[in-house]
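For the sequence shown, the positions run 1 to 310 when the UniProt record's numbering is used.
Even glycine gets a Cβ: it sits at the ideal position worked out from N, Cα and C.
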Amino acid sequence: MEDDGPVLALEAACIGDIQAMVMDFESSTHSTASYPKAQKQAAYIQPSQIPDLQLPRAQGTDVAREVVEVRSGVKNFKAGDKVVAYLRQFSRGGLAEFAVAKETLTNPRPPEVSAAEGAGLPIAGLTAHMALTQSAGVKLDGSGPRKNILITSASGSIGQFAVQFAKLGNTHVTSTCWARNMDFGLSLKSLSGQKYDAVIHCTTGIPWSTFEPNLSANGNVIDLTPSPGALVSSLLKKLTFSKKQLVPLLLAAKGENLDYLVKLVKEGKLKTVIDSKYPLSKAEDAWANKIDGHCRALTGHATGTIIVEP
Numbered sequence: 001m002e003d004d005g006p007v008l009a010l011e012a013a014c015i016g017d018i019q020a021m022v023m024d025f026e027s028s029t030h031s032t033a034s035y036p037k038a039q040k041q042a043a044y045i046q047p048s049q050i051p052d053l054q055l056p057r058a059q060g061t062d063v064a065r066e067v068v069e070v071r072s073g074v075k076n077f078k079a080g081d082k083v084v085a086y087l088r089q090f091s092r093g094g095l096a097e098f099a100v101a102k103e104t105l106t107n108p109r110p111p112e113v114s115a116a117e118g119a120g121l122p123i124a125g126l127t128a129h130m131a132l133t134q135s136a137g138v139k140l141d142g143s144g145p146r147k148n149i150l151i152t153s154a155s156g157s158i159g160q161f162a163v164q165f166a167k168l169g170n171t172h173v174t175s176t177c178w179a180r181n182m183d184f185g186l187s188l189k190s191l192s193g194q195k196y197d198a199v200i201h202c203t204t205g206i207p208w209s210t211f212e213p214n215l216s217a218n219g220n221v222i223d224l225t226p227s228p229g230a231l232v233s234s235l236l237k238k239l240t241f242s243k244k245q246l247v248p249l250l251l252a253a254k255g256e257n258l259d260y261l262v263k264l265v266k267e268g269k270l271k272t273v274i275d276s277k278y279p280l281s282k283a284e285d286a287w288a289n290k291i292d293g294h295c296r297a298l299t300g301h302a303t304g305t306i307i308v309e310p
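Following this line, the structure appears as structure tokens:
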């Protein structure tokens, strides 16, 4: 496994983006049952320990916390610093009193950014940022050519950020909050006379055949939830050198991009839209709401990120 540099120990403050989290529900149940008030769940996990990791373990990847200890080699942080961190899918530990974060994926949290705002940034914000800037080629300073962008399921955590980034990039944005609609294809055609240069596809259940006729000559569909069928379609498009592409997106988190997002929030140019907040003792309820949120996202009623607080 790659080494991402020195690590920091973080205490509990605010854990965010349950919507993007992969949670072992059995281990979560065991943890909260072992500690009725859910205030003393220990999770001090090193990536090198992952092959021998014993369950149960605390889940959660997106956190806004306070540094309580720094290990040798950490240069940019000290105990007491308020930070936003991405814990990576293999280490996690966000739903615990203590967590370990890599220095390269940890950023200072200024006073202007609340813990809840910071906790909602990593996965959702970084995914939307990568989709717009890297996959769709949008320049967030507005200096690039004006593109016509469609964002599906725009009310969800990733969709909310995608809409904001698209506006920063001076694009023409069309957003939908319904993902499964019998007239979805017809609705796309009636929304604008122009074809879409890029589709930021944040949900499931819409086939390539629905998007293709609505794409510009070199238009792409950036699929954030690719199904096996979508992966096959993507490969076929590449093999046939099609000008219209289906692009599956997997997050490659970078600390400098997270720092950029934190600065945008500080400057009031980006907002973390919060669906609801739960105490850590009600983390299972947050997870249940997350499952329900996926269903609500399909009908356009999910709004933003779910936050767990101590």
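For S276, the enclosing beta strand (DSSP E) stretches over residues I274 to P279.
Each residue's CA atom was taken as its position, placing I151 and G60 some 26 Å apart. Going by DSSP, I222 is part of the beta strand (DSSP E) stretching over L215 to D223. Secondary structure of I206 (DSSP, three-state): coil.
If you ignore the 5 residues before and after E112, its C-beta comes within less than 8 Å of the C-beta of V265 and K266, all in its own chain and listed in chain order. Look at S175 here: in three-state DSSP terms it is strand. Taking each of N220, V262, I200 and Q245 in turn and checking the Cα distance to A131, the smallest one comes out for I200.
One thing to note: L249 has its Cβ no nearer than 8 Å to the Cβ of A230. V221 and L121 have their alpha carbons spaced roughly 23 Å apart. If you draw a straight line from the Cα of Y196 to the Cα of K147, it is about 8 Å long. Ranked by how close their Cα comes to the Cα of L126, the residues R65, A101 and G255 have G255 in first place. If you ignore the 5 residues before and after A128, its C-beta comes within less than 7 Å of the C-beta of I158, F161, A162 and F165, all in its own chain and listed in chain order. The alpha-carbon separation between V308 and K139 amounts to approximately 33 Å.
Where L246 is concerned, the enclosing beta strand (DSSP E) starts and stops at Q245 to P248. DSSP, reduced to helix, strand and coil, places L251 outside both helices and strands of the structure shown, so it counts as coil. In the three-state DSSP reduction, N107 falls in the strand class (E or B). For F77, there is no enclosing alpha helix (DSSP H), since its DSSP letter is neither H nor E. Annotation for K102: no alpha helix (DSSP H) segment contains it, though the beta strand (DSSP E) segment containing it runs F98 to K102. Per the C-alpha coordinates, the member of N257, A154, T174 and G142 positioned closest to T203 is A154. Residue pairing from DSSP places T305 in a beta bridge opposite I274.
Per DSSP, the continuous beta strand (DSSP E) segment holding A198 begins and ends at Y196 to H201. Scanning its chain for C-beta atoms nearer than 8 Å, with the 5 sequence neighbours on each side dropped, one finds around A116 the residues C14, G16, A64, T272, I274, K277, I307 and E309, in chain order.
For E69, the three-state secondary structure derived from DSSP is strand. From the listed residues S233, N76 and S216, the smallest Cα separation to D223 is found for S233.
With a beta-carbon spacing of about 5 Å, L95 and A283 fall inside the 8 Å limit used to define contacts. In the DSSP assignment, L150 falls within the unbroken beta strand (DSSP E) covering N148 to I151.
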